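Asker: Sequences listed follow chains L and R, in order.
Just add 281 to the spot in the first sequence (first one is 1) and you have the working numbering.
Just add 3 to the spot in the second sequence (first one is 1) and you have the working numbering.
Take a look at this one; I'll ask things after.
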Amino acid sequence: MTAGVDLGRPQAQAIRSDEDVVRVRQLVRTFAVSARLSLVDQTKLVTAASELARNTLVYGGGGSAEVTVVEDDRRRGVRIVFADSGPGIPDIDLALTDGYTTGGGLGLGLSGARRLVDDFDIWTTVGEGTRITVTKWSR
Amino acid sequence: MERVPILKIGDILLVSIQVDMSDQTAVQLQEDLAERIVATGCHGVIIDITALDIVDSFVGRMLSTIASISKVLDAETVVVGMRPAVAITLVELGLSLNGIRTALNVERGMELVAAARGDEWDEVDGDEDVETTATT
């Protein structure tokens, strides 16, 4: 579900290197501040973005993040779309399990990121890629 | 790639992370610290994360790894200065920071390192007293 209207221009950041993951964090932070998320919510969203941007780089072989401020009748929020044209995720339920990893990490990236945001939507097709949309709303 | 500076203060190595670290910078810090511990013979490592506005799973794992490496090299690690919002986020993320000692600020961190060293000396003394029972 992706309710809400876009506010202003979305900004995209390519994810091709470690440094780009840092840039995604900084971009998301800027949007979270302008959407007036609380400090804790900013921190949660930036942390989730960091996990997902790293996944896009490590598992998706690179891709992009697009950040937008969105609004519905009651509140504002920040939406981020992470997209890659990598191998896709064969078993989403397994990939969303705490502790599951194929990359030698802690296996908290995907499952942890989902807990830190309000809306989490994943589209993936093996051989085509993965697109993850997350939204954090102001309270 | 940026590099995080490591300062030596007496018997302690102080690392104050002031930049938004890339993963490579974090890995480099791990290696630099291990080398400095051996080169200086310091028995304490204090990592100040006051300036970090997030700790994600990669940085969390780096902190745990540094603590483990230091332990093997006979040094205690204390992470200090975690922001409240970072603590809340870490818990929700599911990161437990296993094996990491924390303190609210550098001063308390130094006390913790000193106390940990003190305990260890007590243990060594204790072992000597009960030498004959220390068989397995």
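From the three backbone atoms N, C-alpha and C, an ideal C-beta is built for every residue, glycine too.
Note that the coordinates shown come from a computational prediction; the quantities given were computed from them, not determined experimentally.
1. In whole angstroms, give me the CA-to-CA distance for residue 291 of chain L and residue 350 of chain L.
2. With a threshold of 7 angstroms between beta carbons, is residue 320 of chain L in contact with chain R?
3. For residue 26 of chain R, count neighbouring Cβ atoms within 10 angstroms of its own Cβ and tell me buried if that reaches 16, exposed if not.
4. Under a three-way DSSP split, which group does residue 21 of chain R fall into?
5. Please list, in chain order, the residues of the region 366 to 398 of chain L that have any C-beta partner in chain R closer than 9 angstroms.
6. Taking only beta-carbon atoms, is residue 331 of chain L less than 7 angstroms away from chain R?
7. Let me see if you follow: with CB-CB separation under 7 angstroms, is residue 352 of chain L close to chain R or not?
8. Can you tell me the Cα-Cα spacing of residue 137 of chain R and residue 119 of chain R, whole angstroms?
9. Rounded to the nearest angstrom, what separates residue 392 of chain L and residue 117 of chain R at their Cα positions?
10. When the cut-off is 7 angstroms and only beta carbons count, does residue 405 of chain L lie next to chain R?
11. I want to see whether chain R comes within less than 7 angstroms of residue 325 of chain L, judged by CB atoms only; does it?
12. In angstroms, rounded to a whole number, what distance separates the CA positions of residue 90 of chain R and residue 326 of chain L?
13. Would residue 69 of chain R count as contacting chain L if we go by Cβ distances under 7 angstroms?
14. Counting only Cβ pairs nearer than 8 angstroms, list the residues of chain L close to residue 35 of chain R.
15. Comparing C-alpha positions only, which one of R:81, R:114 and R:13 sits nearest to residue 52 of chain R?
16. Compare the C-beta of residue 97 of chain R with all C-beta atoms of chain L and state if any pair is closer than 7 angstroms.
Answerer: On the basis of the data shown:
1. Position 10 of the first sequence, counted from the first residue, corresponds to residue 291 of chain L. Position 69 of the first sequence, counted from the first residue, corresponds to residue 350 of chain L. Each residue's Cα considered, the two are about 7 angstroms apart.
2. Your numbering for residue 320 of chain L matches position 39 in the first sequence. So yes, residue 320 of chain L belongs to the interface.
3. For the purposes of this step, residue 26 of chain R is identified with residue 23 of the second sequence, where counting begins at 1. Counting Cβ neighbours within 10 Å, residue 26 of chain R comes out buried, since at least 16 surround it.
4. The residue labelled residue 21 of chain R in the question sits at position 18 within the second sequence. Residue 21 of chain R falls in the coil class under three-state DSSP.
5. 379, 380, 386, 387, 388, 389, 390, 392, 393, 394, 396 and 397
6. Here residue 331 of chain L corresponds to residue number 50 of the first sequence, with the count starting at 1. Closer than 7 angstroms to some Cβ of chain R, the Cβ of residue 331 of chain L qualifies, so yes.
7. Translated into the one-based positions of the first sequence, residue 352 of chain L becomes position 71. Answer no: the Cβ-Cβ gap between residue 352 of chain L and chain R never drops below 7 angstroms.
8. The residue labelled residue 137 of chain R in the question sits at position 134 within the second sequence. The residue labelled residue 119 of chain R in the question sits at position 116 within the second sequence. Caution applies to residue 137 of chain R, whose pLDDT of 45 falls short of 50 and renders its modelled position unreliable; the model cannot decide the point.
9. On the first sequence, position 111 is the one that residue 392 of chain L refers to. On the second sequence, position 114 is the one that residue 117 of chain R refers to. Taking the straight line from one Cα to the other gives about 38 angstroms.
10. In the first sequence, residue 405 of chain L corresponds to position 124, counting from 1. Not one chain R Cβ lies under 7 angstroms of residue 405 of chain L.
11. Counted from its first residue, the first sequence places residue 325 of chain L at position 44. So, interface residue.
12. Numbered from 1 along the second sequence, position 87 holds the residue referred to as residue 90 of chain R. Numbered from 1 along the first sequence, position 45 holds the residue referred to as residue 326 of chain L. Approximately 14 angstroms, taken between the alpha carbons.
13. Walking along the second sequence from the start, residue 69 of chain R turns up at place 66. With 7 angstroms as the cut-off, residue 69 of chain R does not count as an interface residue toward chain L.
14. As a first step, residue 35 of chain R must be located in the second sequence, where it is residue number 32. Those do not exist, as residue 35 of chain R stays about 17 angstroms from chain L at its closest Cβ, beyond 8 angstroms.
15. For this step, residue 52 of chain R is matched to residue 49 along the second sequence. Of the listed residues, the one whose Cα sits closest to residue 52 of chain R is R:81.
16. Taking the second sequence and counting its residues from 1, one reaches residue 97 of chain R at position 94. So yes, residue 97 of chain R belongs to the interface.
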